Amino acid sequence: MDPRAAPEERPPFTLLVVVFYGGMVALAYAVAWLFDVDDLYHMEQGWPGPWPDWMGIGAGIAFGALAHLASRFARRRYAWAKGFYDRMYELLGPLSLPQVIVAAAASGFAEELLFRGALFPVIGLFGSSAVFGLLHVGPGREFRVWPVYAAVMGLCFALLYQASGTLLAPILAHFTVNFFGLADLVPGDEEPSRPTDGPPSE
Numbered sequence: 400m401d402p403r404a405a406p407e408e409r410p411p412f413t414l415l416v417v418v419f420y421g422g423m424v425a426l427a428y429a430v431a432w433l434f435d436v437d438d439l440y441h442m443e444q445g446w447p448g449p450w451p452d453w454m455g456i457g458a459g460i461a462f463g464a465l466a467h468l469a470s471r472f473a474r475r476r477y478a479w480a481k482g483f484y485d486r487m488y489e490l491l492g493p494l495s496l497p498q499v500i501v502a503a504a505a506s507g508f509a510e511e512l513l514f515r516g517a518l519f520p521v522i523g524l525f526g527s528s529a530v531f532g533l534l535h536v537g538p539g540r541e542f543r544v545w546p547v548y549a550a551v552m553g554l555c556f557a558l559l560y561q562a563s564g565t566l567l568a569p570i571l572a573h574f575t576v577n578f579f580g581l582a583d584l585v586p587g588d589e590e591p592s593r594p595t596d597g598p599p600s601e
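Counting from 400, one number per residue, gives the positions in the sequence shown under our numbering.
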């Protein structure tokens with residue numbers, strides 16, 4: 400049987416996503432309550448002032464698209480990136496398009512609310528980005544670069560938040576990265592790559 404042929408064989412996926420990220424939203428509000436974070440969605444900074452919504456939307460989607468293009472380039476060029484994609488497919492794929500949309504939207508909103516909205520005001524730019532990276536440790540050697548990648552992305556999302564003064568831009572950037580990344584696990588996009596027999600490219 401073609402493992403890419405039946406995304407509907409994973410009925411619990413959407414429920415698990417909603418429950419997990421619903422819990423993360425609750426945790427964000429708990430952290431905000433404990434540390435007196437008054438506003439999870441806005442910060443006083445903003446360069447050169449709070450951005451209008453259209454600017455946040457454009458910047459978020461543009462950054463997310465560029466980040467995804469970079470990850471696709473890495474996957475085609477480097478064996479470690481190919482291995483990560485293959486392992487991710489084994490763990491999550493195949494997915495249907497509705498599952499991708501739900502997962503990307505839930506993760507983009509909940510993770511930004513917790514790490515940027517709640518934790519950034521408490522432990523700062525680098526602290527919140529480091530925690531974000533550490534919580535992306537995955538099973539197996541294929542995931543060894545994921546925490547580093549996540550920490551760098553978390554730093555970029557935090558800078559977007561700081562520059563724009565609103566969570567809109569980082570939420571949309573996060574959604575875009577996750578949407579296109581997970582969309583690669585939809586049947587028919589491309590076959591999982593196979594690690595080469597030679598040493599990984601550096």
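Every residue gets a Cβ at the ideal spot worked out from N, C-alpha and C, and that includes glycine. Keep in mind that this is a model prediction, so the values were computed, not measured.
- Note on geometry: alpha-carbon atoms of P586 and L496 lie some 9 Å from one another.
- DSSP, reduced to helix, strand and coil, places H441 within a strand of the structure shown.
- Counting C-beta atoms within 10 angstroms of its own C-beta, V576 has 16 or more neighbours from the protein chains shown and is therefore classed as buried.
- In this structure, the straight-line span from the alpha carbon of Y428 to that of A517 is close to 7 Å.
- Nearest to F579 by alpha-carbon distance, out of V436, Q561, L494 and G457, is L494.
- DSSP places E541 in no alpha helix (DSSP H); its state is neither H nor E.
- If only complete runs of 4 or more residues are kept, the stretch 488-564 shows the alpha helix (DSSP H) at 496-510, 519-533 and 545-563, in order along the chain.
- Annotated three-state conformation of D435 is coil, per DSSP.
- The three-state secondary structure of V585, taken from DSSP, is coil.
- W432 sits exposed, since fewer than 16 C-beta atoms from the chains shown fall within 10 Å of its C-beta.
- Y428 carries a helical assignment under DSSP once its states are collapsed to helix, strand and coil.
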